[in-house]
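One structure below.
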Amino acid sequence: MPYDGEIDLFEDAVDSPDTRLVQLIEGLAWAQQQIVVFNRLHNEPRLSAWYGDPDCSYTYSGITLIPKPWVEPLHTIKKACEELSGTSFNSVLANLYRDGNDSMGWHADNEPELGPNPTIASVSFGAERRFDLRHRISNEKVQIVLPHGSILVMSGETQSHWMHAIAKTKKVREPRVNLTYRMIQI
Ligand SMILES: O=C(O)CCC(=O)C(=O)O
528 MPYDGEIDLF EDAVDSPDTR LVQLIEGLAW AQQQIVVFNR LHNEPRLSAW YGDPDCSYTY
588 SGITLIPKPW VEPLHTIKKA CEELSGTSFN SVLANLYRDG NDSMGWHADN EPELGPNPTI
648 ASVSFGAERR FDLRHRISNE KVQIVLPHGS ILVMSGETQS HWMHAIAKTK KVREPRVNLT
708 YRMIQI
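Under my numbering, the residues of the sequence shown are numbered 528 to 713, in order.
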């Protein structure tokens, strides 16, 4: 980032990304979560699934997710993320954006269970989507297109100072899977 945080994008970072995309879409326990926004329940505009070590419950936007046990693609990709980032992860939030109509609003991955200055590895498969970052104070924006098979590592103070989002887009008709590996402090 220009200041107040670090991000690194590694392209072609995952083996056999086409196979992984199909395995993940077909094999994960996708569900549409209900989230609380301004005290009202809404369907989240994407599907998601939470996997990890037992004890790694995760609460965001008013919902608590209980982890499903690791499955092969998620565990293998976790190792690639750990090697690239030099950090360990014990859980992953998988997100399925069915097409450009699915999105994720402005937020930071700053829940208390992630601890201060968490490192997060974010893996992308399928349709390229734009990842927007916005500084909380200066409002400066950074935009990154996340390619199929890439790993984006966010670290340092990124989550304290920058929010991020995936905007809707009429240009994208294909699905995208995103895996964000995290370390829940137990
Ligand atoms: O889909 C992405 O690239 C980001 C997902 C995200 O920010 C999240 O789930 O917290």
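For each residue, glycine too, the CB sits at the ideal point set by N, CA and C.
- Shown here, A558 sits in a strand according to DSSP, grouped into three states.
- Looking at Q561, D539 and R573, the one whose alpha-carbon comes closest to that of L673 is D539.
- Counted as a single uninterrupted DSSP element, the stretch harbouring H675 is not any beta strand (DSSP E), since DSSP gives it neither H nor E.
- Three or more Cβ pairs closer than 8 Å define a contact, and the region 641 to 649 meets that threshold against the region 607 to 617.
- Looking at the DSSP output, G653 sits in a beta bridge with R703.
- Rounded to whole angstroms, R663 and L551 show a C-alpha spacing of 33 Å.
- P639 and N566 have their C-alpha atoms some 20 Å from each other.
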